[in-house]
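Here the structure is laid out as structure tokens; the discussion comes afterwards.
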């Protein structure tokens, strides 16, 4: 059956890229096809309408998702018949474990599982599914489990569509739960990682209170108790109940031919068994009764906060469109909302509204953070006053219509490219919607009235709600001790199954990678000696973006981060902030400012019909922005809170310490303005800095429907180009610190579950392109991706980390005479730190050679190049970055030519010349009480670091 769904309405004819066709295969499986040839890749996803709510608190949906990467009775095994005997015994032992409470008896069972797992590993080909995906054009292989659904996805090259369909249908026929013991340990590491996040446990407690007794009350990952007692038999039942054709969807978006693809999908995915998911009586969401109170603990002193939680709009509800406008009246992208105004006027430190629409319920919350000298009660009263204004219809027609335009712009931009559009498709299917429903949302926005918004605001922002107050404190974490198991190391890490040889027989028409063309993909106009304009056509809609990228960044001027937070809060000499922002909103436009290491970017977005008027506003702002010292107090409060929060996050602390170890006194955390300096800075100082920064050479990036000459004329007339007179020094170089002997820099954080580990060595310059290309292939081999040494040896075989990475980092090509560096990262449970370091250190000092992997690594590089080809709005930025870094053509062209001729010998030679034997330094942020610090000294002289050493 074929359903041609209506296109999204636009002012001009809609291109193929926004058409979606729906097909139903013979077995009842739904297929959505979106053919779009703008990028040389395809996004492929299988969506299953089963998530954590369908097995609440068990964790089964989530760790089943993990097991879907372990292969099948054909993929990932040398001899499934022999392996199955052991796997069945392991499954029986897990059932026995779940029924056993005695600690000693459990230990005996777990040891038996380990013994069986080690024996079963003799037949395993680890990561074969990932290797096959990579071999046949795939990259970014991943999956995710939500409350309502699970999705499996990756990008792939179009010439491998048949192999992709074969692999992804095969994995759904008979998944095998091999290497489960080690993967469950990895899930524990994932849980530890989440629990160390500063807000994670507070959010879990809040969800529990808000949704109880509905399954949404339970964390997706499951409870620690259930994770300790998994049942493979229950996981099999879950698969058989929910992974049936009628409960699944297949989504393809990208560079394929629909007529050619359909027979392939019918032949492969029609193999998935039919079945009907038995309806489960949904747990009703209970209404709140009046003002129900609760508290949540957050380990942030000083900061006060309250939240009001209302029952929100579930997915598929007709109130959603009107409700989105009501929310926009409170918070919006131009900062003109009623809650935005409370922040701008410094009546509160923060006030924001946010929520989520799940399939069976929605939630909406308003969080308010009082000023440090004010009370929660006074801040809450302000929130209620603004809510009452919305409920009474106290908002102008101008604001109402501008928010409708904002919704339209958001809808249209999320359909522009394969990456964002595919996420829309996944969301729609998981919610039981169709592409036609999406069209109806747009239609509904067009016909929406103020009265609709008022009715919805009164319906949801009523007197029945959950009042949440923040307390300073921490929740007790459930410790999952390191098991004393033998690592499960398969013997056949680089073998191939008989199934993989069958895939080799499928004919493939080779397609050359698509490269960015500096001359043909964009028009380049030199408006002044210091101003270059890139113009890229937008053939999808009438929304323009204009980015002004000034060649000065945070490395050269650390105060730009403060500036980027302050300047958008200002008006001009002739217009207040409120008047300026309301003018932009009326036009359907936005202005944003951002700073990164190498640039300051002023971004303008809007509809092309308002391009001239929007540039008038932007030009006036650039030339006449006016300081307001009252707004500086917002920066001071934010800086004070940010500093307190910073040292509660092990990830942020580790990043700062690692920056210090690499750059010493040039670390961004030591050159940034201190809190004391922020307190004494003047508004005029930041405005003067803004004027100086916007005098630096600028590359401009326009993407829209207007002709290049017309864009250039508008810009030359309306923007202050004459002020751009200073040359750019970007990219600015900072020298690395070189160490003569090994050190371990340690920062103690007593409340964390995971220790974060970085490895660092300063290396020689790589002064030729060939050496740089060898470094790229070495990085893929050593620490990038699921088939890398680090992933397999540390995560897959030993469960010592959830996330690992390791790579050789290079300076820009124009700075090839500068040193390079080797960097590795992992995070591990505190009591696994020494074990993890031993494995990592051995890999770095004595890297094993696996020549069987090289062909797949080269294929991965080709895949990555094609699958990362930029969307149309990003092409000019990519070209400008390449030019800034010293390239005259797409560097991937020479990269792929070079690595196509490389072998294991090249990687080994590069490793021996540039990595092996060099001084290695470690950075660890974690709990020293859970580490044998004497054993840690084996990796280098241990230096205990204090806060003042690396942060000001």
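Residue numbers (my numbering): 9 to 960.
For each residue, glycine too, the CB sits at the ideal point set by N, CA and C.
Computed from a predicted model, the values in this text were never measured in an experiment.
Residue 225 and residue 216 have their C-alpha atoms spaced approximately 4 angstroms apart. Going by C-alpha positions, residue 323 is about 20 angstroms away from residue 462. Beta bridge pairing from DSSP links residue 301 with 475. In this structure, the alpha-carbon of residue 402 lies about 9 angstroms from that of residue 394. Remark: C-beta atoms of residue 601 and residue 572 approach each other more closely than 8 angstroms. At a Cβ-Cβ threshold of 8 angstroms, residue 640 and residue 574 count as neighbours.
Counting the other CB atoms within 10 Å of its CB gives residue 40 a total of 16 or more, which places it among the buried residues.
Rounded to the nearest angstrom, the Cβ distance from residue 100 to residue 132 is 19 angstroms, too far for a contact under 8 angstroms.
Separation of the CB atoms of residue 761 and residue 838 is rounded to 7 angstroms, and the pair is thereby assigned contact status at 8 angstroms. Of the candidates 883, 404, 819, the residue whose Cα lies closest to the Cα of residue 525 is 883. Between the stretch 405-413 and the stretch 446-460, the count of C-beta pairs closer than 8 angstroms reaches three or more; the two stretches touch. Annotation: the continuous beta strand (DSSP E) that includes residue 762 extends over 762-771.
Around the beta carbon of residue 178, 16 or more other beta carbons lie within 10 angstroms, which makes this residue buried. Within the same chain, 865, 915 come within 6 angstroms of residue 789 by CB-CB distance, once the 5 residues on both sides are set aside.
Secondary structure note for residue 707: its beta strand (DSSP E) is the uninterrupted segment 706-712.
Taking a 10 Å sphere around the C-beta of residue 182, we find fewer than 16 other C-beta atoms and assign the residue as exposed. Excluding the 5 residues flanking it on each side, residue 516 has same chain C-beta neighbours closer than 6 angstroms at 167, in chain order. With distances taken between CA atoms, residue 348 lies nearest to 376 out of 332, 376, 331. Around the beta carbon of residue 805, 16 or more other beta carbons sit within 10 angstroms, so the residue counts as buried. With 16 or more other Cβ atoms inside 10 Å of its own Cβ, residue 69 counts as buried.
Between residue 932 and residue 763 the beta-carbon gap is near 6 angstroms, inside 8 angstroms, which marks them as a contact. For residue 745, no alpha helix (DSSP H) segment is defined, and its DSSP state is neither H nor E. Inclusion of residue 813 and residue 794 in the CB contact set at 8 angstroms is not warranted, their separation being larger than that value. Taking the C-beta atoms as reference points, residue 686 is found no nearer than 8 angstroms to residue 633. Residue environment for residue 63: buried (at least 16 other C-beta atoms within 10 angstroms of its C-beta). In the DSSP assignment, residue 534 falls within the beta strand (DSSP E) that extends over 531-536. Around the beta carbon of residue 241, fewer than 16 other beta carbons lie within 10 angstroms, which makes this residue exposed. Within the same chain, and ignoring the five residues on either side of residue 745 in sequence, the residues whose Cβ sits closer than 8 angstroms to its Cβ are 669, 670, 671, 672, 770.
Looking at the backbone, the Cα of residue 290 and that of residue 222 are separated by about 8 angstroms.
Rounded to the nearest angstrom, the gap between the Cα atoms of residue 149 and residue 44 is 21 angstroms.
Around the CB of residue 949, fewer than 16 other CB atoms lie within 10 Å, so the residue is classed as exposed. Around the C-beta of residue 709, 16 or more other C-beta atoms lie within 10 Å, and the residue is accordingly described as buried.
With distances taken between CA atoms, residue 318 lies nearest to 218 out of 218, 404, 257. For residue 391, the enclosing alpha helix (DSSP H) begins and ends at 384-399. In the assembly as shown, residue 784 is a buried residue. Its beta-carbon has 16 or more other beta-carbons within 10 Å.
Beyond the five residues adjoining it in sequence on each side, residue 730 comes within less than 8 angstroms, by CB distance, of 536 in the same chain, given in chain order.
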